[in-house]
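Before any comments, here is the structure.
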Amino acid sequence: MRTTATQLSEEITGLGLERFVLELESDGLTIVPPEVTGVTPELLDRCTEVLCRRFEEMTGCPITVEGGPLGELEWPTEAAGKNHFDDNERPPPATQMIIQQILQLDRCFRDLAVNPVADALIGHLMGPSDFLGAATGGSARRLSSSNSFLKWQGDYGYGSGLGLHCDQGLNPLPWGRTALTANATWCLTDYTLEGGALAYVPGSHRSNGHPVQPRAAEKAVPAEAPRGSVIVFPGTTWHGAFPKKTPGLRLCAVPYYRHIAVLPQENTRITLRDTPWEDCADPKRMRELIGFDDMFPYLEQNQSVPRLAATG
Ligand SMILES: [Fe+2]
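Numbered continuously in the numbering used here, the sequence shown closes out at residue 526.
Following this line, the structure appears as structure tokens:
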């Protein structure tokens, strides 16, 4: 029986993903090309189109992949626009926006979330769940949220520290060997250093702690990847982003995961309940990812109640 997250699952060996697991173990991040995940150009185009249209609905500003937003954007108030990674007091210019709850937007994002290759790697990071038979058994990984980062030319206020952080930083130290959160960043545009790629520190996941600056930023490298790649990393890896110096958009779709014992960012069991979540390539896998059958958190008494026995 598999007892730790460091042993290879049948999914990993069956899909031939050993070299990506090795990168996850040694560098704390791996980049899987579209030839391995099987993601098609049509699916990537659909994701791109839906996100651009959604951006226009939300902001009122037209946008193209080549040109980025076709007008200047500003945050509604200082408080709303203030990013906690910012080095200074003033809100940064609006050069990035996060569209949340993308699983609800279109089937294309649900298909990415149930991609068997990305899911096997996330499953490797989080291992099996044996608690009370896992509530449902199987893997401990669950969805935490789903987001898209739309980023265009500018500094976005990350500053010299590159916004380096650990995604599982809300969880108290010490952390163990099992990832408490994990990230699958699907690149919908090429990721390059000049184009504002994800920044990360290779091997930083082994520190099992928060970034130490300025050394962390000095050791950060770009996660450069062609469109269609998926960048997978655990919540322990120090990461942030480089400034985008080129015109146009850097675009991604990010299913974000949690260990079954960790609080989700979005309460997907509620927010996805009345959406067409089954409309995807693998409804069974999606059901488990959302956690519909999990024992916790419950909404009503779910333990048996003894009753006064009939006498006489
Ligand atoms: Fe992050």
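Where is the CB? At the ideal position from N, CA and C, for every residue including glycine.
On the CB-based measure, 16 or more other CB atoms within 10 Å of its CB, does residue i come out buried or exposed?
i	result
Asn481	exposed
Ala413	buried
Ala398	buried
Ala523	exposed
Glu280	exposed
Ile484	exposed
Lys365	buried
Examine ligand 1 and report whether any of its heavy atoms sits within less than 7 Å of the Cβ of residue i.
i	result
His419	no
Asp333	no
His379	yes
His338	no
His453	yes
Taking the alpha-carbon positions, what's the residue i to residue j distance?
i	j	result
Ser443	Thr406	12 Å
Phe299	Leu238	Per-residue confidence for Phe299 stands at a pLDDT of 48, beneath the threshold of 50, marking its modelled position as unreliable; the derived number appears in the next sentence. Their Cα atoms are separated by approximately 26 Å.
Glu515	Gly410	The sequence shown places Gln at residue 515, not Glu. So the two alpha carbons sit approximately 49 Å from each other.
Leu378	Gln517	44 Å
Gln367	Cys322	26 Å
Thr278	Ala434	30 Å
Gly230	Ala327	20 Å
Leu513	Cys275	41 Å
Val253	Arg521	55 Å
Ile504	Thr525	46 Å
Arg355	Arg324	16 Å
Thr489	Pro416	39 Å
Arg441	Pro448	21 Å
DSSP on residue i, reduced to helix/strand/coil?
i	result
Thr278	strand
Gly368	strand
Met311	strand
Arg464	strand
Phe506	coil
Ala327	helix
Ile474	coil
Lys433	helix
Glu380	Position check: residue 380 holds Cys in this sequence, whereas Glu was assumed. In this structure, Cys380 counts as coil in the three-state DSSP scheme.
Phe447	strand
Val246	strand
Gly252	coil
Phe456	coil
Arg487	coil
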